[in-house]
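Numbering follows the working numbering, with no gaps: position 63 of the sequence shown is 409.
Glycine included, each C-beta is placed from N, C-alpha and C at the ideal position.
Accompanying notes for the structure given below.
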Amino acid sequence: RLRAPTLSTTSLRTQAPVILMILRVRTPSGGTLKLRVEPSLGFDAFLTQAAAEAGLPSAACSLSLNRKESLSPAPGTPLSQVGLAGGDLLYLLSSEPGSGGAATAAPPPAAAAPVA
């Protein structure tokens, strides 16, 4: 005769829910990404994810809170330790040509010299 499996109290426990935060990222082209991430995600991994979503190489990108100063925490620093909170708006800066980022602004063309 077969016995039905019994549930132990340990199998009924649920794991703590994973809390995600939503960070907004303004891309060089002017679009806004909304990325759901765990606060424990490393900053460098988040930068890679944001750059990939924007179609840019992460090596040519940085993130900023004010469009001027790039955030540069130590590699692997969790987002929660960088001081970021859900809803924050970050700016994805790119040195990639043609990305539209502030770092790619070309100088104005030189004035043509008059021909004599």
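- The way I'd put it, the region 370–377 does touch the region 397–406; three or more beta-carbon pairs between them come closer than 8 Å.
- Secondary structure note for serine 426: its alpha helix (DSSP H) is the uninterrupted segment 425–428.
- For the region 384–420, the continuous beta strand (DSSP E) assignments of 3+ residues that do not extend past its boundaries occur at 407–410, in sequence order.
- Burial check for glutamate 442: the Cβ neighbour count within 10 Å reaches 16 or more, so the residue is buried.
- Note that the C-beta distance between phenylalanine 392 and leucine 425 is below 7 Å.
- Looking only at Pro421, Leu438 and Leu439, the smallest Cα-Cα distance to leucine 387 is reached by Pro421.
- In chain order, Arg370 and Arg372 place their CB closer than 6 Å to the CB of threonine 378, counting only its own chain and leaving out the 5 sequence neighbours on each side.
- In the structure shown, threonine 378 adopts extended strand secondary structure according to DSSP, grouped into three states.
- The residues Ser416 and Leu439, in chain order, have a CB closer than 6 Å to that of serine 408 in the same chain once the five nearest residues on each side in sequence are set aside.
- An exposed status is given to valine 364, since fewer than 16 other beta-carbon atoms sit within 10 Å of its beta-carbon.
- Looking at Asp390, Ala431, Lys414 and Tyr437, the one whose alpha-carbon comes closest to that of threonine 423 is Asp390.
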